[in-house]
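A short write-up of the structure that comes next.
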Amino acid sequence: MVLKDKHSLTINYVQLFLFVVIIYLTQHKLFILSFALLLAMIIYMTIAGIHNRVFLWVMAAYTFGYIFLLYGDRLIEEFTLGRSSIIIINRTLLLFPLLFMVYVIRKFKKNCFLYGLRPNWMASITFPFIWSGFHTVTVRTFLIIAIGINLASFIPFISFAKINFGDPNFFLFIILFSVLNGTLEEILWRGIVLTRLVDLAGEKAAVIFSGLGFGLSHLAFGYSWWLCLLYALGGIFYAGITIRSGSILPAIIWHMVFNILMILSGIITYIG
Numbered sequence: 004m005v006l007k008d009k010h011s012l013t014i015n016y017v018q019l020f021l022f023v024v025i026i027y028l029t030q031h032k033l034f035i036l037s038f039a040l041l042l043a044m045i046i047y048m049t050i051a052g053i054h055n056r057v058f059l060w061v062m063a064a065y066t067f068g069y070i071f072l073l074y075g076d077r078l079i080e081e082f083t084l085g086r087s088s089i090i091i092i093n094r095t096l097l098l099f100p101l102l103f104m105v106y107v108i109r110k111f112k113k114n115c116f117l118y119g120l121r122p123n124w125m126a127s128i129t130f131p132f133i134w135s136g137f138h139t140v141t142v143r144t145f146l147i148i149a150i151g152i153n154l155a156s157f158i159p160f161i162s163f164a165k166i167n168f169g170d171p172n173f174f175l176f177i178i179l180f181s182v183l184n185g186t187l188e189e190i191l192w193r194g195i196v197l198t199r200l201v202d203l204a205g206e207k208a209a210v211i212f213s214g215l216g217f218g219l220s221h222l223a224f225g226y227s228w229w230l231c232l233l234y235a236l237g238g239i240f241y242a243g244i245t246i247r248s249g250s251i252l253p254a255i256i257w258h259m260v261f262n263i264l265m266i267l268s269g270i271i272t273y274i275g
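Residue numbering for the sequence shown follows the numbering used here, beginning at 4 and increasing consecutively.
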């Protein structure tokens with residue numbers, strides 16, 4: 004019985020490692036290798052008599068969805084649209100991996116989302132390790148402090164950014180991009196992916212690995228490894244506040260504000 008439990012735990016952590024590898028490979032468009040690794044793992048688990056293979060199939064669904072996202076992105080590049088409009092449409096393409104994953108999860112009759120839109124604002128969260136550290140505050144206070152730190156960090160960049168605040172389309176771009184990107188990425192990463200990882204390996208491992216996956220998912224945008232590591236750190240705290248509050252809403256709010264600051268600072272470029 005002990006050996007069986009150890010084997011099961013090992014398989015779970017192999018799947019966690021494979022998850023990070025698959026995210027990395029998809030960002031570099033190495034889809035054949037991604038599917039080969041997933042298929043090999045599914046075959047092994049089938050032979051070993053391990054029936055809980057839903058996470059692997061969800062990762063396969065993510066990979067299929069990401070392929071559709073890339074084809075969709077290539078298609079909209081052919082349209083005679085402004086660059087900002089293309090960026091907005093591109094963000095809606097996140098629906099492809101999201102819906103593919105939801106379909107697979109429902110076929111396995113599993114829960115898609117553990118975390119809804121009704122947060123416990125008075126739940127506690129501890130800095131810096133979420134469950135432990137030197138200072139404990141409520142989720143509401145943590146979110147306010149986090150947004151304040153983000154704002155203070157971006158002020159120097161915003162002050163030097165050349166933004167035409169007289170352009171009404173600029174404000175429309177800020178609203179559409181921040182709402183779409185913030186909501187869809189949080190539903191995908193802190194809704195679906197985090198739920199599956201919690202089911203696979205528990206909350207603490209899920210927070211770390213979902214953060215790593217989120218950080219790696221930004222490699223496709225041309226960001227450096229250092230910047231992706233910062234995104235991974237942000238993803239860990241997004242996941243932490245989601246689990247502690249029992250809702251993705253605080254992470255959505257935080258993510259939206261972060262996107263607004265990135266646009267105002269010029270890191271995400273607006274071209275009218």
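By construction, the Cβ of each residue, glycine as well, lies at the ideal position given by its N, Cα and C atoms.
Under the three-state DSSP convention, the category residue i falls into
{"i": "His221", "result": "coil"}
{"i": "Phe130", "result": "strand"}
{"i": "Thr198", "result": "helix"}
{"i": "His138", "result": "strand"}
{"i": "Ser250", "result": "strand"}
{"i": "Gly243", "result": "helix"}
{"i": "Gly205", "result": "coil"}
{"i": "Gly237", "result": "helix"}
{"i": "Gly269", "result": "coil"}
{"i": "Gly185", "result": "helix"}
{"i": "Gly119", "result": "strand"}
{"i": "His31", "result": "coil"}
Contact check, residue i vs residue j, beta carbons under 8 Å
{"i": "Arg299", "j": "Leu191", "result": "Here the chain covers residues 4 to 275 and nothing more, so residue 299 does not appear."}
{"i": "Gly25", "j": "Val57", "result": "Per the sequence presented here, residue 25 reads as Ile, with Gly not at that position. Not a contact, by the Cβ cut-off of 8 Å."}
{"i": "Ile251", "j": "Gly194", "result": "yes"}
{"i": "Ala64", "j": "Phe38", "result": "no"}
{"i": "Thr198", "j": "Leu117", "result": "yes"}
{"i": "Ser181", "j": "Ile91", "result": "no"}
{"i": "Gly243", "j": "Ile128", "result": "yes"}
{"i": "Leu267", "j": "Ala164", "result": "yes"}
{"i": "Gly136", "j": "Phe130", "result": "yes"}
{"i": "Gly269", "j": "Gly238", "result": "no"}
{"i": "Leu102", "j": "Gly75", "result": "no"}
{"i": "Met48", "j": "Ile70", "result": "no"}
C-alpha distance - residue i paired with residue j, whole-angstrom precision
{"i": "Phe174", "j": "Phe168", "result": "8 Å"}
{"i": "Lys207", "j": "Glu81", "result": "43 Å"}
{"i": "Leu98", "j": "Thr272", "result": "23 Å"}
{"i": "Arg121", "j": "Phe240", "result": "18 Å"}
{"i": "Trp257", "j": "Glu188", "result": "12 Å"}
{"i": "Phe176", "j": "Ala43", "result": "44 Å"}
{"i": "Gln18", "j": "Leu59", "result": "7 Å"}
{"i": "Leu84", "j": "Leu179", "result": "16 Å"}
{"i": "Gly218", "j": "Phe261", "result": "15 Å"}
{"i": "Tyr106", "j": "Thr66", "result": "14 Å"}
Near the ligand FAD: residue i beta-carbon under 7 Å from a heavy atom
{"i": "Ala242", "result": "Of the ligands one can find in the structure shown there are none, so the ligand FAD has no counterpart to examine."}
Residue i, buried or exposed, once every other Cβ within 10 Å from all chains shown has been counted against 16
{"i": "Pro159", "result": "exposed"}
{"i": "Arg247", "result": "buried"}
{"i": "Pro100", "result": "buried"}
{"i": "Ile46", "result": "exposed"}
{"i": "Ser87", "result": "buried"}
Of all the beta strand (DSSP E) runs that stay within the bounds of the stretch 52-83, which reach a length of 3 or more residues?
Within the stretch 52-83, not a single complete beta strand (DSSP E) segment reaches 3 residues in length.
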